[in-house]
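These notes are about the structure you will find just below.
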Amino acid sequence: MKDLDELLTGMPEKKPEVPLPSLDEQKKIAAELKELEEKGELTPEILEKYFGKICPE
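The numbering of the sequence shown is UniProt numbering, which starts it at 1 and goes up by one.
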């Protein structure tokens with residue numbers, strides 16, 4: 001059991017889960033992103049706001 005405890009102490013803490021937006025909120029977000037895309041204003045920074053960092057650098 002000691003070996004397991006040693007392994008667990010070296011593991012990073014699990015981040016708390018963020019609840020998903022409601023279906024209505026998801027539809028609103030999708031509409032906002034679609035509008036920005038149509039205007040050519042959809043940037044990686046905006047996507048990161050909603051989806052987090054997608055590709056590590």
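Glycine included, each C-beta is placed from N, C-alpha and C at the ideal position. Since the structure is predicted, the reported quantities are computational estimates derived from the model, not experimental observations.
- For L20, no alpha helix (DSSP H) segment is defined, and its DSSP state is neither H nor E.
- Contact annotation: I29 and L36 have beta-carbon atoms that are not nearer than 8 Å.
- Between L20 and L33, the C-beta spacing is not below 8 Å.
- Scanning the segment 19–54 from its first residue to its last, the whole alpha helix (DSSP H) runs of 4-plus residues come out as 23–39 and 44–51.
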